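Enquirer: Mind having a look at this structure? Questions to follow.
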Amino acid sequence: MGRGKKRTEATSPPPEQTSTAPKKPKRSAAGDADPSFIGAPLSSNKAKSRWPHRYQSKSNTAKIIVTLSDGSTEEKELFQARSHYTKAIVDGVEFDLFDDAYIQASEGEPDYIAKIVEMFETTSGEKYICAQWFYRAKDTVIKDQDYLIDARRVFYSDIRDDNPLSCVSTKVAINKLTPNMSAVARENAMASCDLYVDMMYSFPHAFTSFGAETNDSSLTNGANETKFSDAAKSSEDSKRSGITVLDLYSGCGAMSTGLSIGASLLGETVVTKWAVDFNSFACESLKFNHPETEVRNEDAENFYVLLKEWENLCKKFNVVGSKDVEPEDEDMDSDESEVDDGVPVSSEDFEVQKFVAICYGDPNNLKRKGLHFKVRWKGYGRAEDTWEPIDGLSNCTERIKDFVSRGYSSRILPLPGDVDFLCGGPPCQGISGFNRFRDALAPLKDPKNHQLVVYMNIVEFLKPRHVLMENVTDILKFAKAQLTSYAVGRLVSMNYQARLGIMAAGAYGVPQCRMRFFLWGARPTEILPQFPLPTHEVMKKGVVINEFKELIIGHGDEHSQLHKTVLLGDAISDLPEVTNNADQDEMPYGNAPRTAFQKFIRFKRRDIFGYSDAKKNDSHKAILYDHRPFQLNPDDYERVCNIPKHKGANFRNLPGVLVGPDKVVKLDPSVERVLCKSGKFLVPEYALKFEDGKSCKPFGRLGMDDIVATVVTRPEPHNQVLLHPNQDRVLSVRENARLQGFPDCYKLFGSLRERYIQVGNAVSFSVSIPLGYCLAKALQGAHLTTPLSLPFNFPDCFAQLKSLRPKPEEVIS
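First residue of the sequence shown? That's 1 in full-length UniProt numbering, and the numbers climb one at a time after it.
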């Protein structure tokens with residue numbers, strides 16, 4: 001496993017050890033004495049006990065297995081030592097063991113920075129040091145976004161290698177800052193040094209804070225020994241009654257829902273208190289399935305401004321921290337009347353009864369943004385509520401104060417410190433391959449990528465304890481991963497720890513590959529969550545550029561006990577047959593479950609969420625939601641009916657199509673071209689030309705023993721393999737939802753297209769549930785330096801969840 005790049009590269013991080021020593025650089029001034037060790041060497045017994053790997057052989061080098069800080073091992077060829085020292089002199093300057101120093105780099109490059117952790121003479125008489133390297137921000141995954149990080153801030157690492165003593169340049173004063181430092185102590189420490197360090201950067205791409213000081217002979221000589229480790233467990237954990245979540249860009253809520261389920265498997269209560277999304281139908285779906293959540297249908301940037309305005313209002317009316325404000329059971333938007341002491345606004349005919357909502361934006365479409373209150377007018381009902389700008393409500397100070405007081409007590413909006421956990425997937429449409437005008441040179445200037453900036457702005461304002469960001473893996477491929485570097489840089493600049501990973505949904509128990517990028521963040525006083533190891537084999541792999549392949553969780557590790565791949569038939573073979581024109585939103589199952597997956601995915605709402613569907617009363621009657629396919633137009637339906645019903649069939653199986661030895665398709669000139677009933681060609685031109693005629697995707701049919709690459713938001717079969725294995729239609733909304741791990745009780749709203757979009761944009765439950773479990777482990781104090789093995793599989797975990805409910809019910813059959 002690689003740990004760095006060669007020092008000869010122009011922008012390399014600290015060097016990886018090589019089997020041959022680099023050339024000794026020229027000394028800085030003519031006539032300087034050769035560098036040398038001073039004082040007596042350490043006794044043989046002490047040196048051998050402390051550095052046994054240096055005394056394995058009498059030859060100059062030996063191969064040994066080294067265990068790294070993340071628990072992994074690698075073979076290294078190390079110089080063998082004749083003796084060890086604790087002092088050296090270079091250019092007239094004395095260096096002690098464990099001093100921090102600049103190490104000479106290539107000409108024109110800034111010197112490297114390292115802690116001298118060994119001073120030894122090789123068996124051939126050469127004078128060497130072992131350097132443990134510090135990274136500058138630009139040498140980490142932050143790369144060219146290092147402008148976000150203080151230039152005096154460096155990051156410790158577990159990378160060590162041997163260098164000639166003559167490579168040492170000058171001393172450097174580096175102060176270590178710990179998470180429990182006061183602001184004053186931190187500033188004083190920063191002012192009294194050349195550089196400062198407060199995090200460790202470890203492979204693959206994790207930033208972790210320094211914990212408590214403990215003995216670690218690898219870093220010091222026994223006095224004032226320091227261990228660099230994950231952050232200390234928060235003192236607030238013992239007082240925690242529940243974790244409040246803000247789900248940004250929430251969609252229909254799959255990410256936060258899965259996180260809550262995963263955490264509850266360890267007994268942690270994680271509640272999505274707030275959710276924000278621009279899609280009104282996704283908000284409707286989330287609110288139906290999570291009636292306890294404050295769901296806001298608005299633009300995230302407007303929400304960010306609203307948060308700041310809300311904080312100003314709470315301060316203005318002195319409600320922050322007030323003990324006089326008691327929570328009320330009354331819904332702020334209820335129609336119940338109040339004592340009538342309203343003040344006329346701008347008309348003698350209308351009088352404010354109360355304010356029922358607040359937003360920032362342009363709710364009246366007047367092309368003028370601002371802070372608005374929704375007004376319930378005296379003598380009128382909810383249907384007549386209107387949005388009024390705050391500058392027109394100058395005579396309603398008492399009403400505004402009343403609303404703010406009630407809103408503060410019920411926490412309709414979070415204030416800084418209210419959010420324990422913030423999750424979300426900011427859309428970065430500017431990196432999409434479908435965007436012909438994407439800016440590869442300056443992706444952050446593209447308005448289509450601006451939501452990433454908004455997301456980080458909200459994190460900075462609210463300061464949640466933990467953060468989890470999700471995105472497509474294109475964020476790692478496009479523009480040299482500048483957006484990834486920015487996201488990590490922003491978190492680290494806010495003193496958040498960070499950990500990057502890539503998870504494939506199919507590796508956790510659903511029949512699709514679907515690789516997604518995840519970024520954990522944690523305050524310096526919190527434990528940074530780990531990622532979960534795969535539980536299932538996965539048939540297909542997504543494409544991730546080499547630089548980031550080791551971010552794939554489980555990459556390179558052999559998991560002998562992985563479960564077999566979950567196939568399409570395992571997930572959907574029990575669902576009733578429907579036609580291309582099916583229009584029922586609800587129907588009976590008709591069949592018993594045929595697989596364990598189908599059995600558990602059918603669990604009732606009470607089993608999974610702990611409450612019933614109030615409207616349906618969670619009756620004993622099994623109802624299947626959203627099992628409707630997108631209705632194909634007559635021409636496409638006719639084409640689909642002509643696709644053979646076997647795995648891998650596609651438009652190439654239509655009459656009149658030839659496939660050459662180069663796998664490129666063309667029309668058979670000896671056969672008259674077949675027409676649809678409409679007069680259009682049965683084999684469309686776009687299918688013949690797609691991917692230069694080499695694609696097998698148009699009108700591709702799946703097999704029950706297949707998995708899909710990824711569930712998509714657009715259900716058209718023109719350039720995707722999404723035809724049902726034995727029915728003439730595309731996969732239904734519910735079938736797609738099962739591929740994403742949605743339990744059947746999760747009902748969706750909006751048009752069919754809107755429901756497909758919600759499912760396609762969602763984070764798979766098979767992934768979000770394990771991530772929630774990892775979050776709970778961190779909350780409970782588990783310091784994990786390697787990915788976590790899960791004690792459950794998906795969706796069997798629903799059975800475990802059911803057993804935790806106060807009144808478990810029977811599984812639907």
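By construction, the Cβ of each residue, glycine as well, lies at the ideal position given by its N, Cα and C atoms.
What you are looking at is a predicted structure, and each value in this text was computed from that prediction instead of being measured.
Nearest-angstrom Cα distance between Phe421 and Cys774?
Expert: 13 Å
Enquirer: Could you give the first and the last residue of the continuous beta strand (DSSP E) run that contains Asp164?
Expert: The sequence given here places Pro at residue 164; Asp does not occur at that position. Start and end: 153–164.
Enquirer: Along the beta strand (DSSP E) that carries Lys176, what are the first and last residues, could you check?
Expert: Counting along the chain, the beta strand (DSSP E) containing Lys176 begins and ends at 174–176.
Enquirer: Measure the beta-carbon distance from Arg376 to Val356 and round it to whole angstroms, keeping in mind my assumption that it falls under 8 Å.
Expert: For Arg376 against Val356, the beta-carbon gap comes to about 5 Å, under 8 Å, which counts as contact.
Enquirer: In the DSSP output, which residue or residues are listed as bridge partners for Gln512?
Expert: Val708
Enquirer: Are the beta-carbon atoms belonging to Leu165 and Tyr128 less than 8 Å from one another?
Expert: yes
Enquirer: Give the DSSP-derived three-state secondary structure of Pro634 in the structure shown.
Expert: In the structure shown, Pro634 sits in a helix (DSSP, three-state: H, G or I).
Enquirer: The beta strand (DSSP E) with Val404 in it runs from where to where?
Expert: Taken as a continuous stretch (DSSP letters only), Val404 belongs to no beta strand (DSSP E), being part of the alpha helix (DSSP H) at 397–410.
Enquirer: Do Phe765 and Gly379 have their CB atoms nearer than 8 Å?
Expert: It is not a contact, given that the beta carbons lie outside the stated cut-off.
Enquirer: I need the straight-line Cα distance from Cys676 to Pro684, nearest angstrom please.
Expert: 10 Å
Enquirer: Assuming Cys193 and Gln104 form a contact by the criterion Cβ under 8 Å, report the distance between their Cβ atoms to the nearest whole angstrom.
Expert: About 21 Å separates the two Cβ atoms, so there is no contact after all.
Enquirer: Only counting the same chain, and skipping five residues up and downstream in sequence, which positions put a Cβ closer than 6 Å to that of Ala776?
Expert: Once the five neighbours on either side are set aside, the close Cβ partners of Ala776 are Ala263, Leu266, Glu268.
Enquirer: Considering only C-alpha positions, which residue in the set Lys58, Val90, Leu667, Lys480 is nearest to Ile38?
Expert: Val90
Enquirer: Between which two residues does the alpha helix (DSSP H) carrying Phe95 extend?
Expert: Unbroken run through Phe95 is the beta strand (DSSP E), 93–96; no alpha helix (DSSP H).
Enquirer: Excluding the 5 residues preceding and the 5 following Ser83 in the sequence, name in chain order all residues of the same chain whose CB lies nearer than 6 Å to its CB.
Expert: Pro41, Glu121
Enquirer: Could you check how far apart the C-beta atoms of Ile527 and Ala778 are, in whole angstroms? I think they sit under 8 Å.
Expert: Going by Cβ atoms, the distance from Ile527 to Ala778 rounds to 4 Å, so yes, they are a contact pair.
Enquirer: Measure the C-alpha to C-alpha separation of Ala504 and Gly741 and round it to an integer number of angstroms.
Expert: 13 Å
Enquirer: So does the segment 697–705 actually touch the segment 581–589, counting three or more Cβ pairs closer than 8 Å?
Expert: With the rule of 3 Cβ pairs closer than 8 Å, the segment 697–705 does not count as touching the segment 581–589.
Enquirer: At the level of alpha carbons, what is the spacing between Ala737 and Gln800?
Expert: 21 Å
Enquirer: Let me make sure I understand the geometry here. Which of Tyr746, Leu483, Asn719 has the alpha-carbon closest to that of Tyr611?
Expert: Tyr746
Enquirer: If you follow the alpha helix (DSSP H) that Gln451 is part of, which residue opens it and which one closes it?
Expert: Residues 450–462.
Enquirer: Does DSSP classify Lys23 as helix, strand or coil?
Expert: At Lys23, the pLDDT of 37 sits below 50, so the modelled position is not reliable; the number obtained from the coordinates is stated separately. Coil, per DSSP.
Enquirer: Measure the alpha-carbon distance for Lys564 versus Ile707 and round it to whole angstroms.
Expert: 12 Å
Enquirer: What did DSSP end up calling Thr140 once you bin it into helix, strand or coil?
Expert: coil
Enquirer: Express the C-alpha separation of Leu177 and Thr226 in angstroms, rounding to a whole number.
Expert: Annotation note: pLDDT 39 at Thr226 (below 50); position unreliable, coordinate value reported separately. Distance between the alpha carbons of Thr226 and Leu177: 12 Å.
Enquirer: Could you check what DSSP says for Pro770 in three-state terms: helix, strand or coil?
Expert: helix
Enquirer: Give the single residue among Ala649, Phe794, Met255, Glu301 whose Cα lies nearest to the Cα of Ala282.
Expert: Met255
Enquirer: Under a three-way DSSP split, which group does Glu547 fall into?
Expert: helix
Enquirer: Going by C-alpha distance, which of Ser803, Asn581, Lys604 is nearest Ser732?
Expert: Asn581
Enquirer: Hey, Gly569 and Asp705 are a contact pair by Cβ (cut 8 Å); roughly how many whole angstroms apart?
Expert: 6 Å
Enquirer: Within 10 Å of its beta-carbon, does Lys599 have 16 or more other beta-carbons around it, so buried, or fewer, so exposed?
Expert: buried
Enquirer: When the Cα atoms are used, what is the spatial distance from Gly760 to Ala114?
Expert: 47 Å
Enquirer: Less than 8 Å between the C-beta atoms of Thr713 and Tyr686, yes or no?
Expert: Tyr686 is positioned such that its CB atom lies no closer than 8 Å to that of Thr713.
Enquirer: Tell me which residues share the same chain as Asn297 and place their Cβ nearer than 6 Å to its Cβ, disregarding the 5 neighbours each side in the sequence.
Expert: Ser280, Cys283
Enquirer: Can you give me the start and stop residues for the beta strand (DSSP E) that Phe600 sits inside?
Expert: Looking at the DSSP string, Phe600 is not in any beta strand (DSSP E); the run it does join, the alpha helix (DSSP H), is 596–601.
Enquirer: Are the Cβ atoms of Val270 and Gly772 separated by less than 8 Å?
Expert: yes
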